[in-house]
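Enquirer: I am attaching a structure below and will ask some questions about it afterwards.
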Amino acid sequence: MYKFTIRDKVYRFNDLKTLLAKASPYRSGDVLAGICAESYEERVAAQIALADVPLKTFLTEAVIPYESDDVTRLIIDSHNDTAFTYINSLTVGEFRDWLLSDEADCGILKTIEAGITPEMAAAVSKLMRNQDLIAVARKCEVVTRFRNTIGLKGHFSTRLQPNHPTDDPKGIAASIIEGLLYGSGDAVIGINPATDSPSTVLNLLTLIDNLRGRFDIPIQSCVLSHITTTLELANKGAPVDLCFQSIGGTEKANKSFGISLDLLEEAYQATLSLNRGTVGKNVMYFETGQGSELSANAHHGVDQQTCEVRAYAVARKFKPLLVNSVVGFIGPEYLYDGKQITRAALEDHFCGKLLGLPMGVDICYTNHAEADQDDMDNLLTLLGVAGCNFIMGIPGSDDIMLNYQSTSFHDALYLRKVLGLRPAPEFEQWLVKQGIVDEKGGLLPVNSSHKLISGIIT
Amino acid sequence: MAEKLIKNDPLISLKEFTAARIAIGRTGTSIPLKESLEFKLAHAHARDAVYSELDIEGLTNSLQAFNLPVLSLHSQAANRHKYLKRPDLGRQLDETSAELLKDHGTGADIAIIIADGLSATAVNENAFSLLKLLMPMFSNEKLRLGSLCLVRQGRVAIGDEIAVGLRAKLSIVLIGERPGLSSADSMGMYLTYNPRPGLTDESRNCISNIRPEGLSYHLAAGKTFYLVQEALKRKLSGVALKDNAGLLD
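Respectively, the protein sequence lines represent chains A and B.
So for the first sequence, the numbering used here puts the first residue at 1; every next one is plus one.
So for the second sequence, the numbering used here puts the first residue at 1; every next one is plus one.
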């Protein structure tokens, strides 16, 4: 039982799960779940009460019982006591102040990351303003490698997302070429297939692999099919660079995605065994998003932001190359407008980085949400300042297959320009060699006889 | 002056391969105004599609062609505003509709449900054209169809409750998908074997983006028919049922 009194009114919170939910900044998904604070005052009362909870409490009071959920078991069993030593005497509130202090630098944050549980990260984020989330995330550096190096400070990458509504190979290739000529694709060239048919997925994998081989591009590819499809193809020796899967923060949510921790492990090992990385062995690509647990009726009364961070515990187990919070994709019943999407994205990026994950964000919205491109511009700029590892690069920011808006090739160039950010070093060298950018990273005019363009037409 | 600011786009020749917004040029590294305004207009169309309404009368008239009863049903979401914020209400029939369904539980192989989803425009324009190709395939295989159901303010899972009411072995839900900027009229098909309330996405197979400029009616009908046959034969749907049609090895 947790409580706080404001002007003779006693606010009681029965358990940690309730306290976290009531302390969470307002969003439509928690209202839908019926767990949101009922007044502004109750929310702040919960935040004040949460500030006094010792971090140690999170190791003994699980928000979803250990016995009934394998994600809780993963969180508890993989908790690193040694890494926790540095912060084990702090309360959640003290943890917030310490994170913002100059003492908590990149190196120290790295040494404690295995001691932080998702619930601790979620809790502290609820006490932080957007500015705090940005300031602390910016201190973290999470670097991953496959055929290039992603996440170095001062660098900023993009997933080139060349989706096509019928998976037409020429249509997809056209968007890939366009993206490459705009300096996009260093995080991954990742296609969402319109259908999960293994033959289609194989065709697309082969398409990118041929293109990559022909122009010797230091990048990785991924077709974002269900993990069972990828596993089947990997076992047949298909050119699978990265293994993709959407994941959630509860066992039941993962079941709704048709996956289990064992299946993830099997696919992880199968992809590793293909041994296709040249500079590193991070082979997993995960996508998450607040609200997916509630959407699958698998949230156990836990607020959607805490559920989201629990998914990062699942991601962390498999040393991913990329983790992408597809923040605005889920719709207005979970994140209603630009303000809620912005807040959620900054929370996800911060919590993921704190746990040591290579966080990227799909800065996006759907057409039934109260948001537009101005909201995305704001969020893009904030995430650039926060040191986000990667965003999406989509022609004109319009995904014609998934029917939502994300960020364009132009958006990424805007961010690189205003913040002085560079692509992944190996990819930047390739861009210079191809005459796409100059030594300072400026985009060069390209004419239609460029070999990347003539390559697809002939 | 303005003309010269915009860099000519060398990728113009690639535009024929995709409807994606490629080759839009740039000023500095930014999107030129003409393209920026076109984007805004498309967004306006998509926003309008979200608030479009199911054409009950028109669809009912067209569907007469199949000689099956056509039911007009409504979810518990009274209006679009409720629908957007309360997906749970969009998954359940209102009282009147549940009552109406009681007279139609005659048993069937397939229940066909047409719901507005997030774009009534999509099903208004595409549902009948797809069914015109699919229905003869079903009758050739002597598959029995339940009453055709039109649902206002409906989500995919409302098909589960309806299929139980019709006592159908399998459900096909045709529904308006989230409108995209270049596709305010995109229809989805969700197939569920042994549908019943409480199922989640892993129990379903989905074919997306059915419309003349997307996945053609012909291809969509072929894929749907393949999935229906496989689902009935193997008595399952969802992730365990892959669309293996066309896999060479």
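Backbone N, C-alpha and C define an ideal beta-carbon position, used for all residues, glycine too.
#1: Could you please give the first and the last residue of the uninterrupted beta strand (DSSP E) stretch that includes LEU191 of chain B?
#2: With distances taken from CA atoms, which of B:GLU125, B:LEU181, B:GLY107 and B:THR106 is nearest ALA115 of chain B?
#3: Does any CB atom of chain A fall closer than 8 Å to the CB of PHE39 of chain B?
#4: Closer than 7 Å by C-beta to PHE4 of chain A: which residues in its own chain qualify, once you throw out the five before and the five after it? Chain order, please.
#5: Which residues in the same chain as LEU248 of chain B place their Cβ atom closer than 8 Å to its Cβ, once the five residues preceding and following it in sequence are excluded?
#6: Checking the sheet assignment: what are the DSSP bridge partners for MET392 of chain A?
#7: If I follow the unbroken beta strand (DSSP E) through LEU170 of chain B, where does it start and stop?
#8: Compute the distance between the beta-carbons of SER186 of chain B and ALA122 of chain B, then report whether it is under 8 Å.
#9: Which residues of the stretch 442-455 of chain A have a Cβ closer than 7 Å to any Cβ of chain B? Give them in chain order.
#10: Quick one: does MET284 of chain A have its CB under 8 Å from some CB of chain B?
#11: Hey, which unbroken runs of the alpha helix (DSSP H) at 4 residues or more fall wholly within the stretch 96-177 of chain A?
#12: Name, please, each residue of chain B whose Cβ falls closer than 7 Å to the Cβ of ASP372 of chain A.
#13: At a cut of 8 Å, does the stretch 60-72 of chain A reach the stretch 284-303 of chain A through at least three beta carbon pairs?
#14: Give the single residue among A:ILE112, A:VAL437, A:ASP77 and A:PRO118 whose Cα lies nearest to the Cα of THR85 of chain A.
#15: Can you look up ARG152 of chain B in the DSSP assignment and give me helix, strand or coil?
#16: Locate the alpha helix (DSSP H) running through ILE208 of chain A, then write down its first and last residues.
#17: Quick check on the burial criterion: 16 or more other C-beta atoms within 10 angstroms. Buried or exposed for VAL279 of chain A?
#18: Please classify SER216 of chain B: does DSSP put it in a helix, a strand, or coil?
#19: How many angstroms separate the CA atom of LEU143 of chain B from the CA atom of GLU230 of chain B?
#20: Mind checking who PHE225 of chain B pairs with in its DSSP beta bridge?
#21: When you compare only the Cα positions, how much space is there between PHE156 of chain A and ARG310 of chain A?
#22: What is the DSSP secondary structure of ARG91 of chain B, counted as helix, strand or coil?
#23: Terminal residues of the continuous beta strand (DSSP E) containing ASP362 of chain A?
#24: I'd like the span of the beta strand (DSSP E) that includes VAL70 of chain B, first residue to last.
#25: According to the Cβ coordinates, are GLY190 of chain A and CYS140 of chain A closer than 8 Å?
#26: Grouping DSSP H, G and I as helix and E and B as strand, with all else coil, what is ARG26 of chain B?
#27: Please report whether the beta-carbon of LYS440 of chain A lies at a distance below 8 Å from any beta-carbon of chain B.
#28: Please decide whether ASP399 of chain A counts as near chain B, where near means a Cβ-Cβ distance under 8 Å.
#29: Which same chain residues end up closer than 8 Å to ILE150 of chain A when comparing Cβ atoms and leaving out the 5 residues on each side of it in sequence?
#30: Under 8 Å, Cβ to Cβ, is there at least one residue of chain A near MET1 of chain B?
#31: GLY384 of chain A and LEU415 of chain A look like a contact to me (Cβ under 8 Å); what is the Cβ gap, rounded to whole Å?
#32: Would you call the CB atoms of ASP132 of chain A and LEU100 of chain A closer than 8 Å?
#33: The stretch 13-27 of chain B: which residues have C-beta closer than 8 Å to a C-beta of chain A, in chain order?
#34: Are there 16 or more other CB atoms within 10 angstroms of the CB of SER175 of chain B, so buried, or fewer, so exposed?
#35: Given GLU426 of chain A, which residues of its chain have a CB within under 6 Å of its CB, disregarding the five upstream and five downstream residues?
#36: Taking any Cβ of chain B, which residues in the stretch 31-54 of chain A have a Cβ under 9 Å from it, in chain order?
Expert: To lay it out plainly:
#1: 187-193
#2: B:GLU125
#3: yes
#4: Cβ neighbours of PHE4 of chain A within its own chain (closer than 7 Å, five residues either side excluded): TYR11, ALA45, ILE48 and ALA49.
#5: Note that LEU248 of chain B has pLDDT 32, beneath the 50 cutoff, so the model's placement of it is unreliable and no number is given.
#6: A:ARG159
#7: 168-176 is the span of the beta strand (DSSP E), which, as asked, contains LEU170 of chain B.
#8: yes
#9: LEU443, PRO445, VAL446, ASN447, SER448, HIS450 and ILE453
#10: no
#11: 106-112, 118-126 and 130-139
#12: HIS43
#13: Short answer: they touch.
#14: A:ILE112
#15: Shown here, ARG152 of chain B sits in a strand according to DSSP, grouped into three states.
#16: Its alpha helix (DSSP H) spans residues 198-215.
#17: With fewer than 16 other CB atoms across the displayed protein chains lying within 10 angstroms of its CB, VAL279 of chain A is exposed.
#18: coil
#19: 13 Å
#20: Its beta-bridge partners do not exist; DSSP assigns none.
#21: 26 Å
#22: DSSP places ARG91 of chain B in the coil class of the three-state scheme, outside both helix and strand.
#23: Careful: ASP362 of chain A lies outside any beta strand (DSSP E) and carries neither H nor E.
#24: Counting along the chain, the beta strand (DSSP E) containing VAL70 of chain B begins and ends at 70-74.
#25: One thing to note: GLY190 of chain A has its Cβ no nearer than 8 Å to the Cβ of CYS140 of chain A.
#26: In the structure shown, ARG26 of chain B sits in a strand (DSSP, three-state: E or B).
#27: Look at LYS440 of chain A: its C-beta is not under 8 Å from any C-beta on chain B.
#28: yes
#29: VAL143, THR144, SER157, ASP186, ALA187, LEU321, LEU322, PRO358, ASN389, PHE390 and ALA424
#30: With a pLDDT of 48 at MET1 of chain B, under the threshold of 50, the modelled position of this residue cannot be trusted; read the value that follows with caution. It does not; no Cβ of chain A falls within 8 Å.
#31: Cβ-Cβ separation between GLY384 of chain A and LEU415 of chain A: approximately 4 Å, consistent with a contact (criterion under 8 Å).
#32: yes
#33: SER13, LEU14, LYS15, PHE17, THR18, ALA19, ALA20, ARG21, ILE22, ALA23, ILE24 and ARG26
#34: Here the sequence assigns Ile to residue 175 of chain B, which means Ser is not the residue at that position. Its Cβ being crowded by 16 or more others within 10 Å, ILE175 of chain B is buried.
#35: ASN148 and PRO218
#36: VAL31 and LEU32
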